[in-house]
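Asker: Just dropping this structure here.
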Amino acid sequence: MKDLKSSLLLYAVTDRYWLNGRKLKDDVEKAILGGATMIQLREKNLSTEDFIKEALEIKEVCKKYDIPFIINDSLEVFLAVDADGIHVGQNDLSADIVRKKIGPNKILGVSAETVSEALLAEKMGADYLGVGTIFSTSTKLDAINVTKEELARISYSVNIPVVAIGGITLDNIKELKNTMISGISVVSAIFKEKDIEKATNNLLKEVNKLFFNPNDYKLFIIDYDGTLLNSLSMWEDIASRYVKSKGIEPELDLDKIVKLQTNDETALYLSKKYFNNIDSNKLILDIDSFIEKEYLKIKINKGALELLDSIKDKGKLVLFTATSKSLIEKSLKINKIDNLFKELYTSTNFNYTKTDGTGFIKLLENEKYKLEDAIVIEDSTHAICGAKNKGFKVLTIATCKNILDIDKLLINSDYMIKMEV
């Protein structure tokens with residue numbers, strides 16, 4: 186059986202309403218042949234005996250194609266047929282109780298509509314979340330619609346895969362881009378169609394368009410801090426930690442005070458406040474040395490390495506960063522990824538910033554690539570908007586900081602992912 190995340194790409198949930206004399210197992214097989222990657226048997230009106238009988242038939246079809254088979258709601262039916270997993274809603278059995286009943290090796294899916302529900306479900310043992318309803322649907326008339334912004338926040342907040350559910354059709358799948366879901370869950374978009382196999386295949390093609398494909402690009406313009414290197418938190422309290430390193434207790438709001446200051450202004454402030462008016466130029470050198478030591482302790486995370494591995498043979502990789510070139514070069518070498526990048530541009534040395542997108546255009550001209558061949562990989566909201574403003578495709582790396590700008594990211598990103606630390 187495939188890994189769970191890939192199995193959630195196109196999750197088909199059954200409904201016998203459209204059978205018209207056909208057998209459900211035959212319709213399920215058509216859906217699988219069309220590309221369905223997981224099957225959930227959902228029956229609200231059958232007796233337990235008939236539910237079990239039907240579940241055994243569907244299980245055999247799923248087993249034939251090595252597709253995970255999930256039972257909706259009924260723990261009794263799940264246990265009777267030994268399905269691959271079970272999905273429960275917020276008003277069904279509590280997820281932690283279900284986990285104890287089914288054991289650690291079976292799949293547990295849980296419905297969620299909010300970040301708090303999602304986090305609790307994950308804590309209780311859920312393997313994946315079904316989040317919705319996203320669009321209006323005839324199968325759940327009383328369901329509350331979940332906004333795309335909330336769907337993205339949920340996807341970012343948990344460490345388990347998320348599928349979008351509710352009212353998803355061939356025409357509105359594209360509206361789910363940048364929500365960081367692993368796939369979609371559909372009912373009528375498959376089972377009400379006359380040609381189920383064709384309908385499923387068309388859905389599969391559309392859902393695949395939601396995800397970044399490195400093969401589509403020849404030039405990857407990549408940011409470093411926050412994008413590849415999880416270094417954003419280091420800068421938040423760097424002034425306080427520097428002062429503490431000298432055996433001095435800093436004022437509580439020191440980092441807020443110096444946040445918008447230049448390096449010269451910060452050095453002058455610290456000199457007067459803590460170091461008896463020591464020469465600020467000497468202080469800058471000492472601060473730079475402290476920053477370097479702290480910075481070079483930071484290791485490239487697992488997700489960044491996986492991203493780089495997926496694109497390294499697809500085109501040219503160049504870095505475009507606001508951090509000093511010497512510091513970046515040392516960090517690349519320590520993390521053993523210096524051989525991946527053909528060029529290193531810094532905002533200072535390059536004399537162009539990212540905010541209005543001019544820097545990206547100048548870099549593109551310098552590299553002599555066409556706009557359609559390039560993609561910008563960034564975490565900073567202002568840089569993402571700047572690149573998009575100039576017509577670039579943008580892959581956004583979600584962080585705890587930029588997720589607060591999710592409304593802007595949904596508009597200005599072409600793809601959005603979160604990376605495993």
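In terms of the numbering used here, the sequence shown opens at residue 186 and continues consecutively.
Virtual Cβ for every residue (Gly too), placed ideally from N, Cα, C.
#1: Assuming the contact rule is C-beta atoms closer than 8 Å, D200 and R227 should be a hit. Round their C-beta distance to whole Å, please.
#2: For my contact list, I582 and T412 are in at a C-beta cut-off of 8 Å; report their separation, rounded to the angstrom.
#3: With DSSP as the reference, label G488 as helix, strand or coil.
#4: Which runs of the beta strand (DSSP E) at least 3 residues long sit entirely within the region 307 to 394? Give them in chain order.
#5: Check whether the region 538 to 546 touches the region 570 to 578, counting contact only when three or more Cβ pairs, one atom from each stretch, lie closer than 8 Å.
#6: Which runs of the alpha helix (DSSP H) at least 4 residues long sit entirely within the region 554 to 581? Give them in chain order.
#7: Could you check which residue in V198, W420 and K484 has the C-alpha nearest to that of I472?
#8: Here's a check: name, in chain order, each residue in its chain whose Cβ is nearer than 7 Å to the Cβ of Y530, leaving out the five neighbours to either side.
#9: Using the rule of at least 16 other Cβ atoms within 10 Å of the residue's Cβ for burial, across every protein chain shown, is P289 buried or exposed?
#10: Is it the case that the Cβ atoms of I369 and A349 are separated by a distance below 7 Å?
#11: What residue range is occupied by the uninterrupted beta strand (DSSP E) comprising A297?
#12: Any contact between the region 275 to 295 and the region 307 to 323? By contact I mean 3 or more CB pairs, one from each, below 8 Å.
#13: Measure the C-alpha to C-alpha separation of I588 and L595 and round it to an integer number of angstroms.
#14: What would DSSP say about L481, mapped onto helix, strand or coil?
#15: For E382 versus L218, is the C-beta spacing smaller than 7 Å?
#16: Keeping to the same chain, check which residues put their C-beta closer than 6 Å to that of H567; ignore five residues upstream and five downstream.
#17: Within this structure, are the beta carbons of I256 and I243 separated by less than 7 Å?
#18: Which two residues bound the contiguous beta strand (DSSP E) that contains Y530?
#19: Classify L437 as helix, strand or coil using the three-state DSSP reduction.
#20: Roughly how many whole angstroms lie between the Cα atoms of D580 and A297?
#21: Using alpha carbons as the reference points, say which of K603, I433 and E261 lies closest to V283.
#22: Three or more C-beta pairs closer than 8 Å, one from the region 459 to 477 and one from the region 427 to 437: is that the case here?
#23: So, for C570: in the same chain, excluding its five sequence neighbours on each side, which residues have a beta-carbon less than 7 Å away from its beta-carbon?
#24: Is the CB-CB distance between A221 and L195 below 7 Å?
#25: Let me know the secondary structure DSSP gives V198 once reduced to three states.
#26: Which residues share a DSSP beta bridge with T506?
#27: Threshold first: 4 residues or longer. Then list the alpha helix (DSSP H) segments lying entirely within the region 230 to 258, N to C.
#28: Measure the Cβ-Cβ separation of I319 and G274 and say whether it is below 7 Å.
#29: Among the candidates R338, D277 and D281, whose CA atom is the shortest distance from the CA of S301?
#30: If you follow the beta strand (DSSP E) that L414 is in, where does it begin and where does it stop?
Answerer: Looking at the coordinates:
#1: 7 Å
#2: 5 Å
#3: helix
#4: 313 to 316, 347 to 350 and 368 to 371
#5: yes
#6: 566 to 574
#7: W420
#8: V503, L504, F505 and L548
#9: exposed
#10: yes
#11: I292 to A297
#12: yes
#13: 10 Å
#14: coil
#15: yes
#16: T540
#17: no
#18: E528 to T531
#19: coil
#20: Note that residue 580 is Leu in the sequence shown here, rather than Asp. Answer to the nearest angstrom: the Cα atoms are 27 Å apart.
#21: E261
#22: yes
#23: K593 and N597
#24: yes
#25: strand
#26: T531
#27: 233 to 249
#28: no
#29: R338
#30: Unbroken run through L414: none, as it is neither H nor E.
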